[in-house]
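Report on one structure; see the data block that follows.
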Amino acid sequence: MTNLLHRLAPLAFTLARMLAQAAGIVVIVFLLARLIPGDAVDVKGLEGDLTAAQQVELRHQLGLDRPVVEQLAGWSWRLLNGDFGASIRFGRPVSAMLATALPTTLLFTALSFSFALLLALGVAVSAVTTGHRGLRGLVDVLNVWSIALPTFCVGVVGILVFSIWLGWLPVLGSMVLPVIIIGIDSAGLIVKPLHEELREAATSAHVRTARAKGLAPSRIALRHLLPTAVPVMLALSGLVLTSLVAGTLTMEVLFGLPGVGSLLLNAIHGRDYPVIQAAILVIAIALVIINAATDLLHRLIDPRMTS
Amino acid sequence: MTAPLLSLRNLIISAGGRRLVDGVSLDLEAGRTLAVIGESGSGKSLTGLSLLGLLPDGLEVDPATRIAVDGRVLAPRDERGWRALRGRRIAMVFQDPMACLNPFMRVGEQIEETLRRAGIAAPAERRQRIVSGLAEVELPDPAALATRYPHQLSGGQQQRVMIAMALAGEPDLLVADEPTSALDASVQADIVALLARLQANRRLALLIITHDLAVAGALGHSIAVMQHGRIVETGPAAEVISRPRDPYTARLVGARRRLADVPAAQTMARPVAVTAEAVCVDYAARRLFGTSFRAVHGASLSLLAGRTVGLLGESGSGKSTLAATLAGLRAPSAGRIRLLGHVIEPGGRPLPGALRRRCQMVFQNPYGALNPRLTIGRALAEPLALAGVPASAQAARIVAGLHEVGLDADHAMRYPHQLSGGQRQRACIARALLCEPEVLICDEVISALDMTVKVQILDLLKRLQAERGFAMLFVGHDIEAVRWISDEVLVMHQGRIVERCRPEQLDLSAVRDPYTRRLLSARLMPEFDGAIVEKTGGEPRLHVATAADCLPAW
Chain A
1 MTNLLHRLAP LAFTLARMLA QAAGIVVIVF LLARLIPGDA VDVKGLEGDL
51 TAAQQVELRH QLGLDRPVVE QLAGWSWRLL NGDFGASIRF GRPVSAMLAT
101 ALPTTLLFTA LSFSFALLLA LGVAVSAVTT GHRGLRGLVD VLNVWSIALP
151 TFCVGVVGIL VFSIWLGWLP VLGSMVLPVI IIGIDSAGLI VKPLHEELRE
201 AATSAHVRTA RAKGLAPSRI ALRHLLPTAV PVMLALSGLV LTSLVAGTLT
251 MEVLFGLPGV GSLLLNAIHG RDYPVIQAAI LVIAIALVII NAATDLLHRL
301 IDPRMTS
Chain B
1 MTAPLLSLRN LIISAGGRRL VDGVSLDLEA GRTLAVIGES GSGKSLTGLS
51 LLGLLPDGLE VDPATRIAVD GRVLAPRDER GWRALRGRRI AMVFQDPMAC
101 LNPFMRVGEQ IEETLRRAGI AAPAERRQRI VSGLAEVELP DPAALATRYP
151 HQLSGGQQQR VMIAMALAGE PDLLVADEPT SALDASVQAD IVALLARLQA
201 NRRLALLIIT HDLAVAGALG HSIAVMQHGR IVETGPAAEV ISRPRDPYTA
251 RLVGARRRLA DVPAAQTMAR PVAVTAEAVC VDYAARRLFG TSFRAVHGAS
301 LSLLAGRTVG LLGESGSGKS TLAATLAGLR APSAGRIRLL GHVIEPGGRP
351 LPGALRRRCQ MVFQNPYGAL NPRLTIGRAL AEPLALAGVP ASAQAARIVA
401 GLHEVGLDAD HAMRYPHQLS GGQRQRACIA RALLCEPEVL ICDEVISALD
451 MTVKVQILDL LKRLQAERGF AMLFVGHDIE AVRWISDEVL VMHQGRIVER
501 CRPEQLDLSA VRDPYTRRLL SARLMPEFDG AIVEKTGGEP RLHVATAADC
551 LPAW
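Protein sequence lines, in the order shown, are assigned to chains A and B. Last residue of the first sequence: 307 (the UniProt record's numbering), numbering continuous. Last residue of the second sequence: 554 (the UniProt record's numbering), numbering continuous.
Spelled out as C-alpha cells, the structure:
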C-alpha cells in the first residue's frame, strides 16, 4: 500500500502542477480576450444596427460593463457549478455547441495521430532493420517535408488536385485529405529522432547480446530494439499530440470541418467570450491529459522508472 | 586426430587500410581454456567477436581468413550460417552486464528466449531450466530472481545472469570478453571462480579475453598474448607468466611484478598540508520530500607534505566524494577540513582562488578532463595565465612542464585525441603541476590505462613527489597500485573508513576489519614463480600463424 502510494505520489504531484498550468492558461486567455479592441456588442452593433442606448443596455445585461476581475470571478464560479454560459451571438448554451464540435475534432485528431505514428514507426523501423538506402532517404524526405511545407499550403494544393482537377473527394467536409496531410506533417516530426534513436539502439550492447543469442532479426527488432526507442517515441508523441490539438484548427477551417478549431475561430471573430473561454479550457485540459498520459505510459513501460 | 571445435586461421581484419587484427590463428577444443591477453587496441575483442560472426559493420575481413566450426568453413559475414550456431553451439559473455541485458525485460524472459531458441518447446520445461540455470551460476532464490529486472540486480548478479543465459542453450564454446573488468574487485574473483567451475563441469571450450594477467593465469590452460593485432607469444599459462619469452610479455609480467614488491613506507615527520576531522558529505534529495543521501560518514585523515595517503574502495564507497571534498570542490555537511591553513566548514566561506591553485586534482578519464578543442599547449597555458605568468614566459614553462612528465615540446602542438591514453594522463598531471600545488589529489588516475602504462604513471607520480614534496591523496580500487605508491592506506566501505594501516601491513595476516579481509582474500594474483605444471588436458593446441597457415588447410 505504501509502495503504491510511493509510486503514485510523484504522478499526483505532476497532475496537480499541470492542472495549475491549465488554470493559468485559461486566466491569461480570459484577460487577453478582453484586450482585443471591441467586444461582442460592438460586433452585434455593426451587424444589427443597435442604437447606442441599446448597446449600453445589452452590455449591462451581459455584465460586460463590470470590472474584468469581477467578470472572471463570476465566470469561474458558474464554471465550477458546471455552467459554461451561453453564446452571446447565438444565444445557444456553450456546452451544446462544444458537444457538437468535440466529436469531430477528437475523431480527426485520433485518425491523424494514428496515421502519423504508424507511418513514422513503419518507416523508421524498416529503415534501421533493413538498412535500405531508399527507406533512409524517405526518413529525410518526411522530415524536410514537415519542416518546409506548411499544412495549409499543402491543403490548398491538395484541394486543387484531388477535389477540383481529379474530382475524387468533396471540397468540404471530407476528412481523408486533412488526415493524410496532418499525418504526414506529424510523422515528419517524429520519424527523424526516432530513426536516430533506433540506429543508436541497434549498435547498443543489449542488441548485440540478442544477436549473440542467435535470435531471429524480427524478434530482435520487436523485443530488443523497439522498447529502447519507446521513451523517445512517447516524448515525441506527446509533443505531436499537443501540437495537433492546435494544428487541426487550420485544417478544420480549410476543409470545412465543424470542429473545436472552427468554433474557436468564429468565436474570436465575433468576440464571443463565453465560447472562446470554454474552447480554450477544453484545449488546455486536453494538453494536461496528454502530458499526464505520456508520463504514466512511460512509467508503465520502462521498469527502471518505478523502482 | 579429430578436428578442433573451432579453428581460426589467419584472421585479418582491417578498417580503412589499417590492420586491426593481423593474422591471428588459434584452435579451441572441448574442455580447454584459452586466455587471450592484451592491452586496449590489441585486437583481442575483435578476434572474440569474429568467432560468432558478430563483427561490426564497416570492417573488412581479408579473404585469406578461414574460420571452421567442427571442420566446416564459414564465411565471416555469413549471417544466416552464424545465427544457426549462436546460442546453441557458441555463446558469448560481454564486459558490461548492465548494458548487455535488455532493461525492459525480466531476467527470466531473457533466458527463456535462449531456451526457446535452443528448441525447448514445453513452457514448463523452460521454466524449470531457467531456475536450474540460475542455480547453476550460484544465484540465491533463482525462482524469485527470474522475475526481476536487470536494474534490480547488482553488477555481479547481472554478470551471473549473463553467464546463465549464455549457457542456457548448452553451447560447446563460450567466449567471454573481459567478463570481470566492469566489476568490483571482490566480485571479480567470484566470477572467475564460477567460470572455472562451469568450464570444468561442462567440459566447455572457453575463450577468455582479458587485460588482466591474474585472470588469464587463473583461468587459462594456455595463454596467448596479443599486441598490435598479432599473437606474440603462446604457451601453457604457468610458463608464459613465470618465463615470458617475448619482450612485450616480459614487460607486461614485469609491470605486475613490480607492483607486488611494496617499497618501505616513509615515516619521517613532515608538515601537515590537509586535515579532515569527522567529515560527512550529503547529497541533497532530488525530489520534494525525498531523503538526502550521506556518501561519507565521519572521515578523518591528514595528508603530510611529501607523503601519500592511499584511499582504497569499491565503486560507490564514497572515496571520490571524499577526494572532491578534500580538494574544496564540495562543501562538507558536517565536520571540518583544514586545507593549507584555511578552514572549510559547513556553510563557511568557500576556498579562495589563490588557495585552490595550490590544491590540484587529476581525474580518472584524461580524455574527458582535457578540452578537445584546445591543444595541449593551450590547455597548459591556462593555469599559468591564472597564476599571472606573462605570456612571453609561458612557452618555456610549458615545455619544462611537459619534459617533467616525460612528454616532448612538440606534444604541446597536438590536440587531446592525437595522444594516447597514457600521454593524455601525463598532460593532465603536467597541467596540475604547473600550478605548483602543495596538495595533489589523484582520483583513480590509472584506472583507465593499460597495465604497462599504469606502472609508468605510478613511477612518474612517485618521482615528482620526491622532487617537489607535495602531499598526495591517491584514490583507487587496485590494491597493488595503491599499496605500492602509498605511505598510509585507508580502506573505505559504504562511506566509512574501515581500515587504516601502513602499506606493508595490508595483508591478510595483519588486517582485522572484515571488509578489508574480504577485499584482500578476493584479490587475484598471478603465480609468478609457480611450478610449471600443465593443467589437466593434453598439449596446448595453439600456435602462431606461419606462412603455411595462410594456405587453405581443407
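All C-beta atoms, glycine included, are put in the ideal place defined by N, C-alpha and C. Bear in mind that the values here come from a model prediction, so they are computed numbers and not experimental data.
Can you give me the Cβ contacts of residue 186 of chain A inside the same chain, cut-off strictly under 6 Å, excluding the 5 residues immediately before and after it?
Taking the first residue of the first sequence as 1, we reach residue 186 of chain A at position 186. Hits under 6 Å: 116 and 240.
Compare the Cα-Cα distances from residue 137 of chain B to each of B/160, B/97 and B/119 and report the closest residue.
The residue labelled residue 137 of chain B in the question sits at position 137 within the second sequence. Closest option to residue 137 of chain B, Cα to Cα, is B/160.
Could you confirm whether any beta carbon from chain A is found closer than 9 Å to the beta carbon of residue 243 of chain B?
For the purposes of this step, residue 243 of chain B is identified with residue 243 of the second sequence, where counting begins at 1. It does not: the Cβ of residue 243 of chain B has no partner Cβ on chain A nearer than 9 Å.
Starting from the Cα of residue 278 of chain B, find the closest Cα among B/255, B/293, B/259 and B/302 and give me that residue.
Numbered from 1 along the second sequence, position 278 holds the residue referred to as residue 278 of chain B. Closest in C-alpha terms to residue 278 of chain B, from the list B/255, B/293, B/259 and B/302, comes B/302.
Does residue 226 of chain B have its Cβ less than 9 Å from a Cβ in chain A?
The sequence position of residue 226 of chain B within the second sequence is 226, counting from 1. For residue 226 of chain B, the answer is no, since every Cβ of chain A falls outside 9 Å of its Cβ.
Coil, strand or helix - residue 100 of chain B by DSSP:
The sequence position of residue 100 of chain B within the second sequence is 100, counting from 1. Three-state DSSP puts residue 100 of chain B in a helix.
Taking C-beta to C-beta, are residue 12 of chain B and residue 19 of chain B nearer than 9 Å?
Translated into positions along the second sequence, residue 12 of chain B becomes position 12. Translated into positions along the second sequence, residue 19 of chain B becomes position 19. It is a contact, given that the beta carbons lie within the stated cut-off.
Of all the CB atoms in chain A, is at least one closer than 9 Å to the CB of residue 60 of chain B?
In the second sequence, counting from the first residue as 1, residue 60 of chain B sits at position 60. With respect to chain A, the C-beta atom of residue 60 of chain B has no partner C-beta closer than 9 Å.
Residues bridged to residue 556 of chain B (per DSSP)
In this structure chain B extends from 1 to 554, so residue 556 of chain B is not present and cannot be described.
Distance check for residue 400 of chain B and residue 475 of chain B, CA to CA, integer angstroms please.
Start at 1 with the first residue of the second sequence, and residue 475 of chain B comes out as number 475. Start at 1 with the first residue of the second sequence, and residue 400 of chain B comes out as number 400. Approximately 27 Å between the Cα atoms of the pair.
What separation, rounded to the nearest whole angstrom, lies between the Cα atoms of residue 238 of chain A and residue 130 of chain A?
Locating residue 238 of chain A in the first sequence gives position 238, where the first residue counts as 1. Locating residue 130 of chain A in the first sequence gives position 130, where the first residue counts as 1. Each residue's Cα considered, the two are about 28 Å apart.
Helix, strand or coil for residue 428 of chain B per DSSP?
Working through the second sequence from its first residue, we reach residue 428 of chain B at position 428. The answer is helix: DSSP assigns residue 428 of chain B an H, G or I state.
State the DSSP-derived secondary structure class of residue 533 of chain B, mapped to helix, strand or coil.
Position 533 of the second sequence holds residue 533 of chain B. Because the pLDDT at residue 533 of chain B is just 42, under 50, the model does not fix this residue reliably, and the point stays unresolved.
If we define contact as Cβ-Cβ less than 9 Å, is residue 214 of chain A a contact residue for chain B?
By one-based count along the first sequence, residue 214 of chain A stands at place 214. At least one chain B Cβ lies under 9 Å of residue 214 of chain A.
For residue 99 of chain B, return the contacting residues in chain A, with the cut-off set at a CB-CB distance below 8 Å.
Locating residue 99 of chain B in the second sequence gives position 99, where the first residue counts as 1. Near residue 99 of chain B (Cβ distances below 8 Å), the residues of chain A are 204, 205 and 206.
Is the shortest distance between the beta-carbon of residue 230 of chain A and the beta-carbons of chain B less than 9 Å?
On the first sequence, residue 230 of chain A is found 230 positions in, with the first residue counted as 1. Residue 230 of chain A counts as touching chain B.
Any contact of the segment 389 to 398 of chain B with the segment 346 to 353 of chain B, i.e. 3+ C-beta pairs under 8 Å?
Short answer: they don't touch.
Near residue 271 of chain B, what residues of its chain come up, given a Cβ to Cβ distance below 6 Å and the 5 sequence neighbours on each side ignored?
The residue you call residue 271 of chain B lines up with position 271 of the second sequence. The answer, listed in chain order, is 305.
Check residue 63 of chain B in the structure and name its three-state DSSP category.
The residue you call residue 63 of chain B lines up with position 63 of the second sequence. In the structure shown, residue 63 of chain B sits in coil (DSSP, three-state: anything other than H, G, I, E or B).
Short Cβ contact (9 Å threshold) for residue 370 of chain B with residue 376 of chain B:
The residue given as residue 370 of chain B occupies position 370 in the second sequence. The residue given as residue 376 of chain B occupies position 376 in the second sequence. Against a cut-off of 9 Å, the Cβ pair of residue 376 of chain B and residue 370 of chain B comes out as a contact.
Under 8 Å from the C-beta of residue 294 of chain A: neighbouring residues of chain D
Chain labels in this structure do not include chain D; the protein chains are A and B.
Whose C-alpha, out of B/102, B/521 and B/406, is nearest the C-alpha of residue 464 of chain B?
To locate residue 464 of chain B, count along the second sequence from 1; it is residue 464. Of the candidates B/102, B/521 and B/406, the one whose C-alpha sits nearest the C-alpha of residue 464 of chain B is B/406.
Does the beta carbon of residue 66 of chain A come closer than 9 Å to any beta carbon on chain B?
Locating residue 66 of chain A in the first sequence gives position 66, counting from the first residue. No, residue 66 of chain A lies away from the interface with chain B (no Cβ there is under 9 Å from its Cβ).
Just verifying my parser: in three-state terms, what is the DSSP assignment at residue 282 of chain B?
Translated into the one-based positions of the second sequence, residue 282 of chain B becomes position 282. For residue 282 of chain B, the secondary structure class from DSSP, reduced to helix, strand or coil, is strand.
Contact set between residue 227 of chain A and chain B, taken where Cβ atoms lie within less than 9 Å
Here residue 227 of chain A corresponds to residue number 227 of the first sequence, with the count starting at 1. Chain B residues near residue 227 of chain A: 102, 103, 104 and 105.
Any chain B beta carbon closer than 9 Å to residue 195 of chain A:
As a working mapping, residue 195 of chain A is identified with position 195 in the first sequence. False, the Cβ-Cβ gap to chain B never drops below 9 Å.
Every unbroken alpha helix (DSSP H) inside the segment 374 to 404 of chain B [4 residues or more]:
376 to 386 and 391 to 404
Taking Cβ to Cβ, would you say residue 35 of chain B is nearer than 9 Å to residue 216 of chain B?
To locate residue 35 of chain B, count along the second sequence from 1; it is residue 35. To locate residue 216 of chain B, count along the second sequence from 1; it is residue 216. Contact: yes.
Quick check on the DSSP output: what are the complete beta strand (DSSP E) runs of length 3 or more inside the segment 73 to 147 of chain B, in order along the chain?
90 to 93
Could you please give the first and the last residue of the uninterrupted beta strand (DSSP E) stretch that includes residue 360 of chain B?
For the purposes of this step, residue 360 of chain B is taken as residue 360 along the second sequence, with counting starting at 1. Here the beta strand (DSSP E) through residue 360 of chain B covers 359 to 362.
Have a look at A/283, A/83, A/81 and A/136 and flag the residue whose alpha-carbon is nearest the alpha-carbon of residue 199 of chain A.
The residue labelled residue 199 of chain A in the question sits at position 199 within the first sequence. Among A/283, A/83, A/81 and A/136, the Cα nearest to that of residue 199 of chain A belongs to A/136.
Does the beta-carbon distance from residue 491 of chain B to residue 519 of chain B come in below 9 Å?
Within the second sequence, numbered from 1, the residue matching residue 491 of chain B stands at position 491. Within the second sequence, numbered from 1, the residue matching residue 519 of chain B stands at position 519. Closer than 9 Å, so yes.
Buried or exposed: which applies to residue 288 of chain A, given that a residue is buried once 16 or more other Cβ atoms fall within 10 Å of its Cβ?
Position 288 of the first sequence, counting from 1, holds the residue named residue 288 of chain A. Residue 288 of chain A should be labelled buried.
Checking the sheet assignment: what are the DSSP bridge partners for residue 13 of chain B?
One-based indexing of the second sequence puts residue 13 of chain B at position 13. Beta-bridge pairing links residue 13 of chain B to B/21 and B/61.
According to DSSP, simplified to helix, strand and coil, what is residue 406 of chain B?
The residue labelled residue 406 of chain B in the question sits at position 406 within the second sequence. If DSSP states are grouped into helix, strand and coil, residue 406 of chain B belongs with coil.
Is any beta-carbon of chain B found at less than 9 Å from that of residue 219 of chain A?
In the first sequence, the residue the question calls residue 219 of chain A occupies position 219. Answer yes: the Cβ-Cβ gap between residue 219 of chain A and chain B drops below 9 Å somewhere.
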